[in-house]
Amino acid sequence: MALSKLDSLYMAVVSEHSKSPRHRGSLAGVETLELHNPTCGDVIELSVKIENGVLVDIAFDGAGCTISTASASMMTEAVLGKEIAHVEELAEIFSQMVQGQEDARQKELGDASLLAGVAKFPQRIKCATLPWNALKKALERSESAD
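Encoded structure:
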């Protein structure tokens, strides 16, 4: 069975983000949040730097599958430089999208919008959402520290 052009694009972009993840590493001087996916063993360590209500820097590290790593890379690109309220909206849009809910704002997710197909594979949803869940927790932690 031949892959459709969209499937080929999806595979190429996910593979690229997994092999050469954006914003991989850690940030000096900020707290790192670690989150685990107990069903598969994926781990993400996420650092965010927020100034004046804007996510001005973000980095991740850890060990994860292709989907988890690609999702983290895509997420960092989608949220960097955005106001926190908008970042929270994007995280919610992503969570709903990978559960099969359509939203016209999905295009705001950039490359991460290509992970909509994960909804067809329920066992992979946790892989895709792990970085985004870490982001939500990091934002909650940041708000409670203010």
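Under this note's numbering, the residues of the sequence shown are numbered 375 to 520, in order.
Beta carbons are placed, not taken as given, at the ideal position from N, Cα and C, and that holds for glycine.
Computed from a predicted structure; not experimentally measured.
DSSP beta-bridge partners of K423: Residue pairing from DSSP places K423 in a beta bridge opposite D431.
Proximity of A402 and S445 at Cβ, strictly below 8 Å: Against a cut-off of 8 Å, the Cβ pair of S445 and A402 comes out as no contact.
Nearest residue (CA-CA) to P412, options S400, A512 and G438: For the residues S400, A512 and G438, the minimum Cα distance to P412 belongs to G438.
Reference L504; option with closest CA among G474, L409, S400 and H391: Nearest of G474, L409, S400 and H391 to L504, Cα basis: L409.
Minimum C-alpha distance to D431 - residue among S442, L407, I441 and K456: Taking only the C-alpha atoms, the option nearest D431 is K456.
Own chain partners of V388 with C-beta closer than 6 Å, once the 5 adjacent residues on each side are dropped: Once the five neighbours on either side are set aside, the close Cβ partners of V388 are A444.
As assigned by DSSP and simplified to three states, the class of V472: DSSP places V472 in coil when its eight states are reduced to three.
Cβ-heavy atom distance, D416 to the ligand PLP, below 7 Å: Ligands displayed in this structure: none; no statement on the ligand PLP is therefore possible.
Nearest to A467 (by Cα), restricted to the options S447, L489 and S421: The question names Ala, but residue 467 in the sequence shown is Ile. If we check each option's Cα against that of I467, L489 comes out closest.
Exposure label - M449; buried when at least 16 CB within 10 Å: Within 10 angstroms of the beta-carbon of M449 lie 16 or more other beta-carbons, which makes it buried.
Sheet register partners of E457 (DSSP bridge): Under DSSP, E457 forms a beta bridge with V428.
Spatial distance of S400 from S447 (CA atoms): Taking the Cα positions, S400 is about 13 Å away from S447.
Nearest-angstrom Cβ-Cβ length linking G484 and A433, presumed shorter than 8 Å: Cβ atoms of G484 and A433 stay farther apart than 8 Å, at about 18 Å.
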